[in-house]
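**Q** My structure is below; once you've seen it, I'll send some questions.
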Ligand code: B12
Ligand SMILES: Nc1nc2c(ncn2[C@@H]2O[C@H](COP(=O)(O)OP(=O)(O)OP(=O)(O)O)[C@@H](O)[C@H]2O)c(=O)[nH]1
Ligand SMILES: [Mg+2]
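Residue numbers (our numbering), protein chains in the order written: chain S, 962 to 1094; chain E, 63 to 364.
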């Protein structure tokens, strides 16, 4: 009954927003409440928005190549504010070689181009359910 | 500070999810503080409500703590929602005087979320001095905001076409302050003439002023703020503000009762409901009436 709340954010200067919008709509169509913050957010702004909106999970989208520096900062920011229960995941144009580093930094899943939307939706649902248990 | 904010955010979620304990706790918090000004902003989709809220909040937050509740519609198919009003308020997120919360209307008609008044109580309790509410893009029937806000701003824009008639016969009536936004666009002058007459109609001793703004440029905002404060001042005389808040508190009871009824009705297949009304007609209505009567007794014990 209680809808899952998701923040979809675009950190940094990257202007590619199609992926973020497509993923947002897929989550909406799966019954979730999706807060979309728009382009060019700093990691700090994303952390504050996630806390103010009391979301279960934050999805980061990056196609510019800056994921290695930006994604971990969001995880660190949430931890610094005692909000480590908010899950962070992400997607975009991200080389396979970078994924293990991101996972180790606390980004729990990374979805690259070509991933089906069903796969993303079902991962989010399962991950948030696990947190609620 | 951020810890307190986190707790507030979580309390709002519980109320939104109609958690009985959270609703009951919220109901113990006062709604009558004259130190708080609740400002509602409504108007057609895309009229610039969020952009305008952004400008108002920026100014108000220079000296005060401001909370914003931004309501967007849920999808009738999935029940999910994309809440995008924040996009127009990016600069406010790191302002320590500002708290922004996006809300889905969760299928509630009328332009707002059904738990909105309970959320107002939480925000008042947390010391916010201004609370700005943006409704879903409104046409004729989304007038519930007037039962909740102290001051209702109705936004109109040039070139609504035939919608101007609907606008005039609908939400125009609830305006305490009427705004022509996008005053930079052609057609603003003829809209001004069209609305001037309606605006100058006094209603219960208050004549709604007509303001012109260009929200994207911040033009007309200080004049609008003056009118908002003037209305706030007027409300604080002769107990008018208290009357407004009493109405909001009644609205809260009404909305919560309605939500509970809806929850139960939703658990019965539509055709069963319809068949029962069809077969049992007057008996069913009389029984409903009796149940409501008993309900009222519960609520009116002194
Ligand atoms: C369309 C496009 C554009 C459009 C963007 C339109 C828009 N508003 O989005 C335009 C033409 C504006 C553009 C501009 C540029 N682009 Co471009 N662009 C592309 C292109 C061809 C497709 C991107 C796209 O929209 N795909 C469709 C969407 C649906 O897919 P997606 O975003 O990948 O999303 C999927 C997954 O990645 C994942 N996902 C994405 N985000 C998220 C978020 C979450 C939470 C999750 C779970 C999943 C997820 O799920 C989605 C579904 O599977 C890519 C190449 C490519 N094949 O990826 C280059 C590409 C991204 N662009 C590139 C570049 C370099 C640029 C420019 C710098 C070019 C220039 N020199 O001017 C500019 C920069 C613009 C800016 N301001 O940032 C490079 C980036 C290189 C890099 N990372 O090292 C790419 C990879 C092309 C290339 N091979 O060189 N671009
Ligand atoms: N020309 C002009 N455009 C404006 C003005 N105010 C807002 N806009 C633009 O109008 C569009 C919609 O603005 P929003 O603030 O999102 O409108 P809204 O009423 O909140 O929209 P919904 O919440 O979707 O109903 C944006 O592209 C704004 O930049 C204005 O005064 N003049
Ligand atoms: Mg809006």
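All C-beta atoms in this analysis are idealised placements derived from N, C-alpha and C, irrespective of residue type, glycine included.
Please read these numbers as outputs of a predicted model, since none were measured by experiment.
1. Beta-carbon of residue 1090/S versus every beta-carbon of chain E: anything under 9 Å?
2. Using the beta-carbon of each residue, which ones in chain S are nearer than 8 Å to residue 133/E?
3. Find the residues of chain E that neighbour residue 985/S, judging by a C-beta separation of less than 7 Å, and give them in chain order.
4. Please go through the same chain and pick out, in chain order, the residues whose beta-carbon is closer than 6 Å to the beta-carbon of residue 1054/S, but skip the five residues on each side of it.
5. Kindly examine ligand 1 and report whether one of its heavy atoms sits closer than 8 Å to the Cβ of residue 149/E.
6. Where in the stretch 209 to 273 of chain E do unbroken runs of the beta strand (DSSP E), each at least 3 residues long, occur, reported from the N-terminal end onward?
7. Distance check for residue 1082/S and residue 987/S, CA to CA, integer angstroms please.
8. Where does residue 402/E fall in DSSP's three states?
9. Taking the straight line between their C-alpha atoms, what separation do you get for residue 192/E and residue 122/E?
10. Give a single yes or no on whether residue 138/E has its beta carbon closer than 8 Å to a heavy atom of ligand 1.
11. Give the single residue among 137/E, 185/E, 128/E and 144/E whose Cα lies nearest to the Cα of residue 157/E.
12. State the DSSP-derived secondary structure class of residue 200/E, mapped to helix, strand or coil.
13. Report buried or exposed for residue 134/E, applying the criterion of at least 16 other Cβ atoms within 10 angstroms of its Cβ.
14. Check whether the Cβ of residue 161/E lies closer than 9 Å to any Cβ atom in chain S.
15. Pull up the distance between the alpha-carbon of residue 1092/S and that of residue 1042/S, whole angstroms please.
16. Does the Cβ of residue 976/S have 16 or more other Cβ atoms within 10 Å, making it buried, or fewer, making it exposed?
17. Using a Cβ-Cβ cutoff of less than 8 Å, which residues in the same chain neighbour residue 1038/S once the five nearest sequence positions on both sides are dropped?
18. How would you write the range of the alpha helix (DSSP H) that residue 286/E sits in, first residue to last?
19. Would a check of beta-carbon distances place residue 992/S closer than 9 Å to chain E?
20. Between residue 975/S and chain E, is there a C-beta pair that is closer than 9 Å?
21. Please give the ranges of any beta strand (DSSP E) in the stretch 114 to 144 of chain E, keeping only runs that are unbroken, at least 3 residues long and fully inside the region.
22. What does the alpha-carbon distance come out to for the pair residue 268/E and residue 997/S?
23. Determine the direct distance from the alpha carbon of residue 278/E to that of residue 242/E, and round the result to whole angstroms.
24. Can you tell which of 1035/S, 1067/S and 1089/S has its C-alpha closest to the C-alpha of residue 973/S?
25. Using a cut-off of 7 Å between C-beta atoms, extract the partners of residue 996/S located in chain E.
26. Is any beta-carbon of chain E found at less than 9 Å from that of residue 1100/S?
27. Anything in chain S within Cβ reach of residue 74/E, meaning under 9 Å, just list it in chain order.
28. Report yes or no: do three or more beta-carbon pairs, one from the stretch 180 to 199 of chain E and one from the stretch 86 to 100 of chain E, lie closer than 8 Å?
29. How should residue 353/E be labelled, buried or exposed, when 16 other C-beta atoms within 10 angstroms of its C-beta is the threshold for buried?
30. Starting from the beta carbon of residue 84/E, find every residue of chain S whose beta carbon is closer than 8 Å, and list them in chain order.
31. Could you name the residues of the same chain whose beta carbon sits closer than 7 Å to that of residue 1012/S, not counting the 5 residues immediately before and after it, in chain order?
32. Give the single residue among 1094/S, 1072/S, 1084/S and 1076/S whose Cα lies nearest to the Cα of residue 1046/S.
33. Assuming residue 287/E contacts residue 161/E (C-beta within less than 8 Å), just tell me the rounded distance between them.
34. Considering only their Cβ atoms, is the gap separating residue 204/E from residue 104/E smaller than 9 Å?
35. In this structure, what does DSSP give as the bridge partners for residue 1021/S?
**A** Reading from the atomic positions:
1. Working through the first chain from its first residue, we reach residue 1090/S at position 129. No, residue 1090/S does not count as interfacial toward chain E.
2. Looking up residue 133/E in the second chain gives position 71. Correct list: empty, because the minimum Cβ distance to chain S is about 12 Å.
3. The sequence position of residue 985/S within the first chain is 24, counting from 1. Simply 144.
4. As a first step, residue 1054/S is located in the first chain; it is residue number 93 there, counting from the start. Closer than 6 Å at Cβ, skipping near neighbours: 1024.
5. Position 87 of the second chain holds residue 149/E. The answer is no for residue 149/E.
6. 213 to 218 and 239 to 242
7. By one-based count along the first chain, residue 987/S stands at place 26. By one-based count along the first chain, residue 1082/S stands at place 121. Computed Cα separation, rounded: 7 Å.
8. No answer is possible for residue 402/E: the residues shown for chain E start at 63 and end at 364.
9. Reading the second chain from its first residue, position 130 is the one you call residue 192/E. Reading the second chain from its first residue, position 60 is the one you call residue 122/E. Spanning the two alpha carbons is a distance of roughly 8 Å.
10. Residue 138/E sits at position 76 when you count from the first residue of the second chain. False, no ligand heavy atom lies under 8 Å from that Cβ.
11. Here residue 157/E corresponds to residue number 95 of the second chain, with the count starting at 1. Comparing Cα positions, the closest option is 128/E.
12. The sequence position of residue 200/E within the second chain is 138, counting from 1. Three-state DSSP puts residue 200/E in coil, outside helix and strand.
13. The sequence position of residue 134/E within the second chain is 72, counting from 1. So residue 134/E ends up on the buried side.
14. What you label residue 161/E is simply residue 99 of the second chain in a count that begins at 1. True, the Cβ-Cβ gap to chain S drops below 9 Å.
15. The residue labelled residue 1092/S in the question sits at position 131 within the first chain. The residue labelled residue 1042/S in the question sits at position 81 within the first chain. Taking the straight line joining both Cα atoms gives about 18 Å.
16. In the first chain, counting from the first residue as 1, residue 976/S sits at position 15. Answer is exposed; the Cβ neighbour count stays below 16.
17. Position 77 of the first chain, counted from the start, is the residue given in the question as residue 1038/S. Same-chain partners within the cutoff: 1004, 1005, 1007 and 1008.
18. Taking the second chain and counting its residues from 1, one reaches residue 286/E at position 224. That run of the alpha helix (DSSP H) goes 283 to 297.
19. Taking the first residue of the first chain as position 1, residue 992/S is located at position 31. Answer yes: the Cβ-Cβ gap between residue 992/S and chain E drops below 9 Å somewhere.
20. In the first chain, residue 975/S corresponds to position 14, counting from 1. It does not: the Cβ of residue 975/S has no partner Cβ on chain E nearer than 9 Å.
21. 128 to 134
22. Within the second chain, residue 268/E is the residue found at index 206, counting from 1. Within the first chain, residue 997/S is the residue found at index 36, counting from 1. Spanning the two alpha carbons is a distance of roughly 39 Å.
23. Looking up residue 242/E in the second chain gives position 180. Looking up residue 278/E in the second chain gives position 216. Roughly 13 Å between the two C-alpha positions.
24. To locate residue 973/S, count along the first chain from 1; it is residue 12. Selected option, being the one with the closest Cα: 1035/S.
25. Here residue 996/S refers to the residue found at position 35 of the first chain. Ordered by position in chain E, the residues that pass the 7 Å Cβ test against residue 996/S are 145, 148 and 164.
26. Any property of residue 1100/S remains undetermined from this structure, which presents chain S solely from 962 to 1094.
27. Translated into the one-based positions of the second chain, residue 74/E becomes position 12. Correct list: 1015.
28. yes
29. For the purposes of this step, residue 353/E is taken as the residue at position 291 of the second chain. Label assigned to residue 353/E: exposed.
30. For this step, residue 84/E is matched to residue 22 along the second chain. Going along chain S, no residue has its Cβ under 8 Å from residue 84/E, so there is no contact; the nearest lies around 12 Å.
31. For the purposes of this step, residue 1012/S is identified with residue 51 of the first chain, where counting begins at 1. So the list reads 1042 and 1044, once near-sequence residues are dropped.
32. By one-based count along the first chain, residue 1046/S stands at place 85. The candidate whose alpha carbon is nearest that of residue 1046/S is 1094/S.
33. On the second chain, residue 287/E is found 225 positions in, with the first residue counted as 1. On the second chain, residue 161/E is found 99 positions in, with the first residue counted as 1. With a Cβ gap of about 20 Å, residue 287/E and residue 161/E do not count as contacting.
34. The residue you call residue 104/E lines up with position 42 of the second chain. The residue you call residue 204/E lines up with position 142 of the second chain. In contact: residue 104/E and residue 204/E (Cβ atoms closer than 9 Å).
35. Counting from 1 along the first chain, the entry for residue 1021/S is found at position 60. In DSSP, residue 1021/S forms a bridge with 970/S and 1051/S.
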